[in-house]
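Numbering (the numbering used here), first residue to last: 769 to 929.
Down below is the structure, laid out as structure tokens.
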Amino acid sequence: MSGLWVALATLALGAVIGVVHLRRGGRMRDVGGERLPERSPGEKPEKPSGGLTERLTERLTGADLGEGLGERATLVQFSTAFCQPCRATRRILADVSTLVPGVSHVEIDAESRLDLVRRLDIMRTPTVLVLDAAGTVVKRASGQPRKADVLAAVADALPPG
Numbered sequence: 769m770s771g772l773w774v775a776l777a778t779l780a781l782g783a784v785i786g787v788v789h790l791r792r793g794g795r796m797r798d799v800g801g802e803r804l805p806e807r808s809p810g811e812k813p814e815k816p817s818g819g820l821t822e823r824l825t826e827r828l829t830g831a832d833l834g835e836g837l838g839e840r841a842t843l844v845q846f847s848t849a850f851c852q853p854c855r856a857t858r859r860i861l862a863d864v865s866t867l868v869p870g871v872s873h874v875e876i877d878a879e880s881r882l883d884l885v886r887r888l889d890i891m892r893t894p895t896v897l898v899l900d901a902a903g904t905v906v907k908r909a910s911g912q913p914r915k916a917d918v919l920a921a922v923a924d925a926l927p928p929g
């Protein structure tokens, strides 16, 4: 009888974890913090001193991405070869970059750019970063985002006016 209770508790815990994972996956989050000082290529960023909750805003350049930044905003997608949600995310981001003038989409193979993956603390694919015109990361999503969320994140990244 106690084995049945253990099995039911395990199933309930698994269901709760699954629901939380589904609800959080793909949601665009603000990337808060102060702006990083300019640094030369290859120079390592300083680590934040205040623990995990204190984050510095990262700035990426065309050299970091291997392509130029978008005129108004850039959607950066970290993918891997066998990631099924990455394919759907690629279509969503391509649609958004077509719909919004001056927005470009850059896809980066996470396995070939481990330096950038570590620098940006990418833990899963797909991960989407929304950059403003200067290359500052303003929004971030881990998992497949919804198109409406990406459009709203791009609108937040665009300069006023």
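Where is the CB? At the ideal position from N, CA and C, for every residue including glycine.
Keep in mind it's a predicted model, so treat the numbers as computed, not measured.
inquiry  = Please report the straight-line C-alpha distance between residue 841 and residue 918, rounded to a whole angstrom.
reply    = 12 Å
message = Please report the straight-line C-alpha distance between residue 900 and residue 907, rounded to a whole angstrom.
response = 9 Å
query = Taking contact to mean at least 3 C-beta pairs separated by less than 8 Å, is the segment 879 to 887 in contact with the segment 851 to 867?
reply = no
task = Mark residue 864 as exposed unless 16 or more other C-beta atoms lie within 10 angstroms of its C-beta, in which case mark it buried.
result = buried
key: Neighbour-count burial assignment, residue 913, 16 or more Cβ in a 10 Å radius   = buried
task = Within 10 angstroms of the Cβ of residue 927, are there 16 or more other Cβ atoms? Answer buried if so, exposed if not.
result = The residue in question, residue 927, is exposed, as its Cβ has fewer than 16 Cβ neighbours within 10 Å.
message = By the three-class DSSP mapping on this structure, what secondary structure does residue 852 have?
response = helix
ask   = When we look at the beta-carbon of residue 860 and count the other beta-carbons within 10 Å, is it buried (16 or more) or exposed?
value = buried
key: Where the beta strand (DSSP E) containing residue 877 begins and where it ends   = 871 to 877
Residue 899 Cβ short of 6 Å to the ligand COA heavy atom set = In terms of ligand content, the structure shown is empty, and the ligand COA therefore cannot be addressed.
ask   = Is the CB of residue 904 under 7 Å away from at least one CB in chain C?
value = Judged by its chain identifiers, the structure shown contains no chain C, having just a single protein chain.
query = By Cβ distance below 6 Å, which residues in the same chain neighbour residue 836 in space, the five residues on each side in sequence not counted?
reply = Excluding residues up to 5 positions away in sequence, 830 lie with their Cβ nearer than 6 Å to the Cβ of residue 836 in the same chain.
Residue 881 (DSSP reduced to helix, strand or coil) = coil
query = Based on the DSSP secondary-structure assignment, which residues constitute the bridge partners of residue 895?
reply = The bridge partners DSSP lists for residue 895 are 846, 910.
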